[in-house]
Amino acid sequence: MAKRTKKYDIFIVAAILLFAVIMIFLNLLLPQKGIIGVKVTVDGVLAVSITQDGLYPVEKDGKHLLTVEFYQGKARVKESTCDNQICVKTGWISNTNQTIVCLPHKIVVEPIGGKNTDGVDIITW
Amino acid sequence: MRAKDFSSISKSTVLIFSMLGISLILLLFIIFSKPLPTYEKSEIFSLGTYVRIYIAGGKVSSKNLLKIAEKEIERLYAKYSSNIPSSVVYQLNEKREIECDEESLFLFQAAVNVSKITGDSFDPTLRPVLMLWGFDDVNSSKRVPSSYEIEQVLPFVSYKFIDIDSKNRKIKLLKEGVTVDLGGISKGFIVDRVIDRIKEIDPKATGFIDAGGDIGIIGPKFGNRPWQIGIRDPFSSDPTKLIDTLYIYSGAVATSGNYERYFIQNGTLYHHIIDPKTGYPANNCRSCTVISDKVMTADAYATGLFVLGIDNPALEYFTKFGVQAYLIDNTGKTVETSGFEYFRNKVK
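Have a look at this one:
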């Protein structure tokens, strides 16, 4: 009786540990879904928080500046009235450590939620 | 017999439940524990670019440190920007001779030193040429000046026209028509000063300041890990695409690239990193990344070594001045100093 119980114990303990290990690995390794949204600031002031798919025009003092598109966990600046178009050329962002910056308009498109999946903290350019 | 059975079941039950309990506690601990410091961040448009500050305070609250850093950046920008009338640089350009404090003397001397060491590949008197091209300000209209126009202003470009009298705390411009712009070095210097200020207030603070890709480390990530810094791929229009990765615990990294500020005319790309000797954009490099202990050093040498180009036979010589550099040319060819590889290793 005692012997059977011990075997049973080991089986349960092993199962629990296996479950714990699987959970940890799933948490670490499973590819994260994209960001849950983006917030758009104009010169440090929040212009719009986006969490639904769609096109969002951004303006200041009634003047159109650019349009942000959010689609299935990715965001981009679809078009901008700025000179250098760097914000448009940045393309889609889907990682929490990525931002789109439009220097001429002083606009920042910054991710909300999501996880840093490529590990990079800062970019030198 | 019954008593024996009871004690055996009880023992095994206790064992199972204690194991279960320990596993559950461990699991919850792993999922919910947050022993690491929390970083507060702030983004401001200053220093002519987009500045990101990322701080976790040791004894002072992160939010207070952020406020101090923001104020200090604005104060120093107003002091050294060549476009603000009250600034030291503007005053010098107007009055031709000024008295100034130790800090300003140090910055001017540092700019002149880098000019000397790089054989005038970096020059704080380049402003008249930058104005011709429209690279003096982000909002200036850009154009290709005629060779005649460039020849006309080149005689006013040389760090030798800046006279620094440390004893009497005076700076003088020796030739009429010479104007100074510390843009190539002051951004890095300001980040250094802000980091020094934060460390004075809170020596245990960690984080970084990223001023348009010129990065100064306040302290290692969570106090003991390196910051993972990606080098932008200079061949991609996507600024988040990387070509290399560095692991930095302290010090600074800065990059100069021909994709930062440029315009295209008749199919030719003209960028803002001008060779002070020719007055034209330096074309023997596409991107130059420099690691140093100070952002000011990294910032200025990234420009100077960019101008010297990929075929610079004396690249290794510059490690004597505390810099490690990595250059990429327009064909994708790369060269680097002997110590650069060290920063690619995560484990030191």
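Chains as they are written, first to last, in numbering that gives the first Met the number 0: chain A, 0 to 124; chain B, 0 to 347.
Virtual Cβ for every residue (Gly too), placed ideally from N, Cα, C.
- What B:L19 touches in chain A, judged by beta-carbon distance under 8 Å, is I11 and I15, going in chain order.
- Taking a Cβ-Cβ threshold of 8 Å, the residues of chain A close to B:Y49 are V100, L102 and V107, in chain order.
- B:Y147 has its alpha-carbon roughly 32 Å from the corresponding atom of B:I97.
- Out of B:V190, B:S114 and B:S17, the CA that lies nearest to the CA of B:K276 is found in B:S114.
- Among the bridge pairs identified by DSSP, A:W91 is matched with none.
- Between B:F320 and B:I116, the beta carbon gap of about 6 Å places them in contact (Cβ cut-off 8 Å).
- Restricting attention to A:D42, A:V47 and A:C81, the CA atom closest to the CA of A:F69 is found in A:V47.
- With contacts defined by Cβ atoms closer than 8 Å, A:K77 and A:T66 form a contacting pair.
- DSSP places B:Q264 inside the beta strand (DSSP E), whose first and last residues are Y261 to Q264.
- Around the C-beta of A:V20, fewer than 16 other C-beta atoms lie within 10 Å, and the residue is accordingly described as exposed.
- Judged by beta-carbon spacing, B:V322 lies within the 8 Å limit of B:T296, meaning their Cβ atoms are closer than that value.
- Taking a cut-off of 8 Å for Cβ pairs, the region 46–63 of chain B and the region 204–211 of chain B touch, as three or more such pairs fall below it.
- In the three-state scheme derived from DSSP, where H, G and I count as helix and E and B as strand, A:Q51 is classed as coil.
- Assignment of beta-bridge partners to B:F44 by DSSP yields B:Y49.
- In the three-state reduction of the DSSP assignment, B:E175 falls in the coil class, being assigned neither a helical nor a strand state.
- Nearest to B:P144 by alpha-carbon distance, out of B:D136, B:N138 and B:W132, is B:W132.
- Less than 8 Å divides the Cβ of A:I92 from the Cβ of B:T239.
- Using a CB distance below 9 Å, the part of the region 42–53 of chain A facing chain B consists of D42 and G43, ordered along the chain.
- Three or more Cβ pairs closer than 8 Å define a contact, and the region 165–182 of chain B falls short of that threshold against the region 228–247 of chain B.
- Linking A:V41 to A:S79 through their CA atoms gives a straight-line distance of about 13 Å.
- When the five nearest sequence neighbours on each side are left out, the beta carbons in the same chain lying within less than 6 Å of the beta carbon of B:K141 are those of G133 and F262, in order along the chain.
- The three-state reading of DSSP puts B:D162 in strand, counting E and B together.
- A direct Cα-Cα distance of roughly 23 Å separates A:T123 from A:G112.
- As the crow flies, the alpha-carbon of B:Y38 is around 6 Å from that of B:Y53.
- The C-alpha of B:K220 lies about 37 Å from the C-alpha of B:S17.
- Among the residues facing chain B, A:I122 is included, as its CB has a counterpart in that chain under 8 Å away.
- Using a CB distance cut-off of 8 Å, A:I23 counts as an interface residue toward chain B.
- Contact between B:G338 and B:T318 holds: CB atoms are separated by about 6 Å, below the 8 Å threshold.
- The shortest C-alpha to C-alpha distance from B:I184 to any of B:L23, B:K62 and B:A110 is the one to B:A110.
- In the DSSP assignment, B:L75 is bridged to no other residue.
- Here the region 63–82 of chain B lies against the region 195–208 of chain B, with 3 or more beta-carbon pairs under 8 Å apart.
- B:T288 belongs to the set of residues whose beta carbon lies under 8 Å from a beta carbon in chain A.
- Taking 7 Å as the cut-off between beta carbons, none of the residues of the region 74–106 of chain B comes near chain A.
- Contact check for B:P225 against B:Y258 fails: the beta carbons are separated by 8 Å or more.
- With respect to chain B, the C-beta atom of A:D60 has no partner C-beta closer than 8 Å.
- For the region 60–134 of chain B, the full-length beta strand (DSSP E) segments reaching 3 residues or more read 96–98 along the chain.
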